[in-house]
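There are 2 protein chains.
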Amino acid sequence: MPRAATTSDAFNAVAEPRRRDILNFLALQERSVGEIVDAMDLEQPSVSKHLRVLKDVGLVQARREGRRMLYQTNAVAIRPLYEWSSTFERFWRHQLLQVKERAEGKKDPVKVN
Amino acid sequence: MPRAATTSDAFNAVAEPRRRDILNFLALQERSVGEIVDAMDLEQPSVSKHLRVLKDVGLVQARREGRRMLYQTNAVAIRPLYEWSSTFERFWRHQLLQVKERAEGKKDPVKVN
DNA sequence: TTGACATATTCCCATATAGGAATATATTGG
DNA sequence: CCAATATATTCCTATATGGGAATATGTCAA
């Protein structure tokens with residue numbers, strides 16, 4: 000079995016860093032493909048292909064305005080990622096607290112090197 | 000250029016749902032490979048391979064205890080995902096608010112169907 | 001209609017998968 | 001040392017990829 004398609008869900012779609020860049024860019028403001036091409040350092044066909052993937056999983060919305068297509072990030076579609084990752088928040092809090100306590104020598108006397 | 004390796008970063012590593020399941024499972028408690036195999040519905044070699052990927056990107060830590068290997072989620076490594084996704088929080092908040100307002104007919108009178 | 005502009009799709013290819021099967025490595029008890 | 005247990009690795013294959021190049025589609029202005 001090969002890897003799941005990039006279009007299978009948001010997790011797979013955002014694994015590609017360029018697509019995350021595009022989502023960042025399109026969150027602030029609706030943009031045309033040409034503007035995305037200028038902002039990122041990518042060829043137009045590459046941008047169109049990335050947009051296709053993002054659109055397939057609902058991470059962007061598109062609308063036509065004359066000859067141009069305007070894209071915009073659909074932020075709600077990123078929520079599953081946020082939800083999943085935030086379940087680990089209490090664990091890393093705990094972890095970082097332990098590191099801090101160790102650094103302050105709460106339990107063990109500091110081992111000076 | 001092919002897709003980036005699953006071991007290239009946390010984003011690529013957690014794109015695979017089984018690996019997310021494993022991380023969930025190992026966040027609560029340190030577990031042996033055998034215990035993971037029993038909990039998930041996967042063959043032992045598959046589990047070992049997933050653990051290899053997770054270890055390569057620092058998402059789990061391993062230690063040996065006798066013949067067994069005990070794995071544990073390294074929650075801090077999930078933070079980049081959380082950080083990135085949370086930058087979109089204000090956008091989806093805004094988005095959901097608009098939906099709510101529209102439903103309540105704040106601006107437009109409700110179109111009754 | 002035609003030409004220019006904007007975007008999307010197709011074809012190409014090297015590459016990394018995930019799982020299955022088989023096997024290798026490591027550790028312990030006796 | 002050997003057998004048993006636990007885990008890791010290797011080999012296999014079908015498949016989806018991302019970028020490059022070329023081309024197709026769509027839309028407007030005149």
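Same order as they appear, the protein sequences are chains A and B.
So the first sequence is numbered by numbering that gives the first Met the number 0: it starts at 0 and just counts up by one.
So the second sequence is numbered by numbering that gives the first Met the number 0: it starts at 0 and just counts up by one.
In this text, a Cβ means the ideal position worked out from N, Cα and C, and glycines have one as well.
Here's the rule: buried if 16 or more other CB atoms are within 10 angstroms of the residue's CB, otherwise exposed. What is A:Ala12?
buried
Considering only C-alpha positions, which residue in the set A:Ser31, A:Phe90 and A:Ala9 is nearest to A:Leu53?
A:Ala9
With distances taken from CA atoms, which of A:Gly57, A:Arg92 and A:Thr72 is nearest A:Gln28?
A:Thr72
Using the Cα positions of A:Arg89 and A:Ala38, report the straight-line distance between them to the nearest angstrom.
37 angstroms
Taking all protein chains shown into account, decide if B:Thr6 is buried (16 or more other Cβ within 10 angstroms of its Cβ) or exposed.
exposed
With burial defined as no fewer than 16 other Cβ atoms inside 10 Å of the residue's Cβ, what is the status of A:His93: buried or exposed?
exposed
So which residues of chain A does B:Ala117 contact, with C-beta pairs closer than 7 angstroms?
For chain B, the structure presents residues 0 to 112; residue 117 of chain B sits outside this window and is missing.
Classify B:Val56: buried if its beta carbon has 16 or more other beta carbons within 10 angstroms, exposed otherwise.
buried
Quick one: is A:Val52 near chain B, going by C-beta distance under 9 angstroms?
no
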